[in-house]
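Quick note: the sequence shown uses this note's numbering, first residue 284, plus one each step.
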Amino acid sequence: MPPAGTLELLTAPHAPVLGWSSYFGDDAASSPCIWDAPQLRPTSSGRAAIALALEAFGICPGDRVLVPTYHCATMVAPIAALGAEPVFFPIHPTGAPVLAVLDRLLDDRTRAIIAPHYFGLPTPMAELRQFCDARRLCLIEDCAHTFFGLSDLRPIGSWGDYAIASLPKFFPVAEGGCLASWRHELFPRQLHPRRLVEEARALANALESGARYGRLPGANALIKAAFALNARVRRGSATLQPDAGQASDLDVATLLSEFRADAIAFSRPTTVSWLLARHHGRQRLVGQRRRNYQALAELLEGCPNARLLRPELPEAAVPYVLPLQVDNPERYYQRIRATGVSLYRWDRVRWPGVPDFPEDVGAVWSQQIFQLSVHQDLDAADIGRIARTIRTILSSSDP
């Protein structure tokens with residue numbers, strides 16, 4: 284362990300990586316998940332799944348779709364790309380909509396609402412489901428952060444008319460999503476298959492990442508040697524690190540352009556990515572994410588200039604990240620990221636023109652919430668290093 288106050292350069296994976304342990308000797312856990320939906324369709328991404336859900340409900344140009352003030356802009360891009368209007372609503376500290384304000388936002392053109400589960404911690408959905416039923420609104424349950432678990436005693440995703448999910452946040456793949464429903468048959472448009480070169484690249488990326496972190500015993504050395512022969516070409520290509528689903532600092536025009544290229548073409552995910560995600564064991568994933576969250580929460584308890592947004596992990600939750608609310612976030616965010624800690628913030632990926640509401644926590648969360656990775660391929664030593672690094676920086680008096 285380095286001396287107190289010394290920053291460690293972290294080398295732990297930022298996202299799940301391919302490993303034998305996730306596919307062999309791992310019986311399915313009982314935790315409900317999106318895979319259990321009676322209707323399930325693969326998509327190229329979570330945002331493509333949102334577009335398909337909107338299309339399935341018949342959202343047209345000029346229609347209005349309700350979206351929370353705390354969001355990533357990739358949630359809103361499918362609405363704008365289809366010619367509909369995003370309308371923002373405030374949220375409670377639970378992440379649930381402020382229904383009294385939501386009711387005032389409705390008009391004859393309002394047809395749907397996107398309601399997320401944040402951080403992998405289920406948001407209450409029963410009251411919102413009743414609200415939508417009474418007003419004939421389509422409820423799109425955004426499960427990008429919450430692939431597993433229960434909300435109000437029902438499986439995640441089952442409250443919505445449609446549910447969407449993102450694969451890279453929970454599985455060792457760089458792309459892919461899905462559209463699910465417990466309420467409607469899914470008849471999406473024909474999705475375009477991926478090219479053979481894309482399939483090969485998806486497999487190569489997964490193998491390279493797994494070998495780099497030593498998760499493929501018996502094959503690590505061979506795989507690393509093979510990729511070393513082509514290292515120069517690989518360095519010139521797209522990053523091999525799986526995308527954890529976080530948008531970069533992009534303007535709206537760029538987001539819409541990237542969305543049209545990714546989602547309006549409505550490609551399938553690569554078969555490699557779909558199979559790696561679909562056959563990933565649940566038991567280790569569920570258990571390790573819960574252990575990592577609880578361990579990191581304990582180590583960050585009482586941290587200077589910060590507080591845990593959710594100190595207690597709900598029994599049915601399988602977390603995506605641990606949310607840490609940080610005072611003076613601009614002072615610390617880039618310093619923490621520079622050490623290699625995997626964290627995200629939604630201040631630079633909000634849609635422009637989001638209004639202020641007195642009842643809302645969304646604006647504060649966008650600035651102050653640091654989303655800290657707790658994925659299944661971090662071990663206890665990684666969690667300890669992450670906690671020490673964060674405590675050191677947040678305790679520092681340096682500007």
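Using N, Cα and C, we set each Cβ at its ideal position, and we do this for glycine too.
- DSSP lists Arg347 as the bridge partner or partners of Thr393.
- Membership of Glu424 in any alpha helix (DSSP H) is not indicated; the residue belongs instead to the beta strand (DSSP E) covering Cys421 to Asp425.
- Note that the C-beta distance between Ile397 and Ile439 is not below 7 angstroms.
- Straight across, the Cα-Cα distance linking Val647 with Ala295 is about 29 angstroms.
- Shown here, Tyr445 sits in a strand according to DSSP, grouped into three states.
- Runs of the beta strand (DSSP E) lying entirely within the segment 536-610 and spanning at least 3 residues, in chain order: 589-591 and 604-609.
- Straight-line measurement puts the Cα of Phe414 at about 33 angstroms from the Cα of Arg572.
- Straight across, the Cα-Cα distance linking Ala670 with Phe653 is about 13 angstroms.
- By the 16-neighbour rule on beta-carbons within 10 angstroms, Gln617 is exposed.
- Beta-bridge analysis with DSSP links Pro325 to Cys461.
- Around the beta carbon of Asn488, a 10 Å sphere encloses 16 or more other beta carbons of the protein chains shown; the residue is thus reported as buried.
- Taking a C-beta distance under 7 angstroms as the contact criterion, Trp634 and Cys355 do not qualify as a contact pair.
- The Cβ-Cβ distance between Asp425 and Pro451 does not fall below 7 angstroms.
- In terms of Cβ geometry, Ala336 and Ala463 do not form a close pair [threshold 7 angstroms].
- Taking the Cα of Val300 as reference, the smallest distance to any Cα among Pro376, Ser556 and Leu479 is reached at Ser556.
- When C-beta atoms of the segment 472-481 are compared with those of the segment 497-506, fewer than three pairs fall below 8 angstroms, so the two segments do not count as touching.
- C-alpha of Gln659 to C-alpha of Thr622: approximately 20 angstroms in a straight line.
- In this structure, DSSP gives Ser304 a helical state, which the three-state scheme calls helix.
- In the same chain as Ser550, and ignoring 5 residues on each side of it, the C-beta atoms closer than 7 angstroms to its own belong to Ser327, Leu474, His475 and Arg477, in chain order.
- Counting C-beta atoms within 10 angstroms of its own C-beta, Phe470 has fewer than 16 neighbours from the protein chains shown and is therefore classed as exposed.
- In its chain, beyond the 5 residues on either side, Gln322, Ala339, Asp444 and Tyr445 have a beta carbon closer than 8 angstroms to the beta carbon of His467.
- When beta bridges are read from the DSSP output, His475 appears opposite Ser550.
- Assignment of Leu499 by DSSP, reduced to helix, strand and coil, places it in the coil class.
- In the structure shown, the three-state DSSP call for Gln650 is helix.
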